[in-house]
Every structure is written in C-alpha cells, then in structure tokens.
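First comes the structure, then the notes that go with it.
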Amino acid sequence: LLLEGTNGGGSFYRKPQDNQEENFPEYFRFIEEDLRPWRERGGITQEALANARAIGASFRVLIVKGELFVEHYAECYQTRALFTLWGILQLLRRYPPCRAAAPRAAAAINSSSTAAEYRVRGTDLTGDVSWCVPDVDLMFECHDWPLVERAVHAGATHPPLLLKYCSTPRHMDVVWPDWSFWGWPEVRIREWDTTRNLIREGQRFDTLERQNSTRPLEGHHLGRTRPEEACGRL
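Residue numbering for the sequence shown follows this note's numbering, beginning at 53 and increasing consecutively.
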C-alpha cells in the first residue's frame, strides 16, 4: 500500500518512463499482473490490509520517510522474517526515501499504537520513483502455501493484500522473493559469496547448457504448493 492520501485508493507505483524501462529487472513485469485485482477495484485500501491481518498475516511492515517499523503477529519458520526484514533494511540503506511535496505529506505512527491505529495522512511523491523508496504499508505471511483464494474473494470490495513466498493462478497472494534459504541445514545452500565463487569455478569446466538446472530460489522443498512459475520467481 503506497501511502498517497487518495481517499483509500490510489496508484500502486509509478511506471517508469520509456527510457527507464531497460533499467528494471525482468521480473518487474509481474508487478502489474499481481496487483491487477486491486487496480480493478480502484486501489489498495486500509480495509484490504486489515483483511490480510485477519486472514493470518505474520507481521506488518511500515516504511515512513526511510524508517522501518515492524509489528509481529505470529512466529515465522526459522529465519524467514529476519532475512525479509534484513533485505528491506538493505534496500533502505541503498536508496533514499522519496521526497514529500509538502509538509502535510507525511505518515505517522504513535509509539503506543497497535497495527490498526496507524494514522496515515498520505504522501505526495515527487522525483524519480525508480531510485527512491516511498512510504508503504505491507502485510506478510511466512508459510509456503497461499491463503487468498480467488474464488472466495472474487466479489470482495477489499480483498486481502498479503505478501507471500508462493502463489498459484488460483490465488491472489502477491509473491515476495525469499532469500532466507541460505544457511538452512536441510537445503544446504551456502552464503551467496561462496555460492557465486563455486558457480564461477564450475563455468570454467562446463558450459551453461550442461550445468545442473536446479534453481535454489524455487520455494521450500517441503511446501504444499510448488508451481514452478510462481514460487520464489526470482
């Protein structure tokens, strides 16, 4: 949810200009399709986030002026929550917050508030959105199996907007990349620096066509749903 003060709706993100598109990764093409259910309903609302909380969100992330706020609702498997938050912090370190156009463009959270009591006044974004982090409000769920069924929420005005590590064509869960697999003993994936060096070493003795086709970011191997095109698409 971009906090844009548009009476509960608003755009999800600002599309890049034609000359900027080449700077965006290939997987960005999924954004438009993943957010289509909310676009068709006029935007993402606070009710959509509240419904995501009710359906079983594990934690909530609020980014305001480049600062990260988190509220935990349930335990996550091993290090998933930790590494997800760590990745967001790296994003905030690399890119500055989007500039507000006026003093009124702000979002505040009372230190004594609960997740349902965030006071959002909206944010007007200016500048190059491709190189800054806007104020956002997100709900995450940590398990592998998706929760938001399209058939159940087809007629809903505010379907739950829930970020997950897996989804299917029958679900509306929005896929978030899961890089917490590194270090899990059962999947034996080493840290990236070590893995990268091993990949480079292997390329010296084999061609890309003959390399093992295993992709370590497909999703957890014990997950209930593992469509190859949806789980951990990065």
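Virtual Cβ for every residue (Gly too), placed ideally from N, Cα, C. Everything numeric in this text was worked out from a predicted model, so none of it was measured.
Can you tell me the Cα-Cα spacing of residue 256 and residue 105, whole angstroms?
Cα to Cα, residue 256 sits roughly 49 Å from residue 105.
Report back the beta-carbon spacing between residue 213 and residue 101 to the nearest angstrom; my notes put them in contact at under 8 Å.
Confirmed, Cβ separation roughly 6 Å.
Pull the bridge partners of residue 111 from the DSSP assignment, please.
BP columns for residue 111 point to 124, 192.
Anyone know if the C-beta pair for residue 86 and residue 226 falls short of 7 Å?
Contact flag set, yes.
Can you tell me the Cβ-Cβ gap for residue 92 and residue 210, rounded? I've got them flagged as a contact below 8 Å.
At roughly 12 Å, the Cβ-Cβ gap does not stay under 8 Å, so residue 92 and residue 210 are not in contact.
Do residue 124 and residue 135 have their beta-carbon atoms positioned less than 7 Å apart in this structure?
It is not a contact, given that the beta carbons lie outside the stated cut-off.
Roughly how many angstroms separate the alpha carbons of residue 138 and residue 84, rounded to a whole number?
Cα-Cα distance, rounded: 25 Å.
For residue 6, list the residues DSSP reports as bridge partners.
Lying before the first or after the last residue shown, residue 6 is absent from the chain, which here runs from 53 to 286.
Decide if residue 217 is buried, meaning its Cβ has at least 16 other Cβ atoms within 10 Å, or exposed.
Under this definition residue 217 is a buried residue.
Alpha carbon to alpha carbon, how far is residue 215 from residue 192?
So the alpha carbons of these two residues sit roughly 5 Å apart.
Cβ-heavy atom distance between residue 208 and the ligand MN below 6 Å?
Because no ligand of any kind appears in the structure shown, any question about the ligand MN cannot be addressed here.
I'd like to know whether the C-beta atoms of residue 224 and residue 77 end up nearer to each other than 7 Å.
No, they are not a contact pair.
In the DSSP output, what is residue 149 paired with across the bridge?
185, per the DSSP bridge assignment.
Leaving out five residues before and five after residue 120 in sequence, what residues of the same chain have Cβ atoms less than 8 Å from its Cβ?
Same-chain partners within the cutoff: 113, 114, 137, 140, 141, 144.
Whose CA, out of 79, 108, 80, 132, lies closest to the CA of residue 230?
Ranking the options by Cα distance to residue 230, first place goes to 132.
Which word fits residue 190, buried or exposed, when buried means at least 16 other C-beta atoms lie within 10 angstroms of its C-beta?
It is buried - the Cβ of residue 190 has at least 16 other Cβ atoms within 10 Å.
Identify whether residue 213 lies in helix, strand or coil by the three-state DSSP scheme.
Residue state, collapsed to three classes: coil.
Report, in whole angstroms, the separation of the C-beta atoms of residue 129 and residue 183, which I expect to be a contact under 8 Å.
No, residue 129 and residue 183 are not in contact; Cβ-Cβ is about 33 Å, not under 8 Å.
If you follow the alpha helix (DSSP H) that residue 248 is part of, which residue opens it and which one closes it?
Start and end: 244-255.
Quick one: Cα of residue 150 to Cα of residue 118, how far?
Approximately 8 Å, taken between the alpha carbons.
Short of 7 Å in beta carbon distance, which residues of its chain neighbour residue 107, apart from the five on each side in sequence? Order them along the chain.
Cβ neighbours of residue 107 beyond the five flanking positions: 199, 200, 212, 214.
In the structure shown, what three-state DSSP assignment does residue 227 receive?
Strand at residue 227.
Can you list, in chain order, the residues of its chain with a C-beta nearer than 7 Å to that of residue 202? Leave out the 5 residues immediately preceding and following it.
222, 223, 224.
Is residue 201 helix, strand or coil by DSSP?
Three-state result, residue 201: strand.
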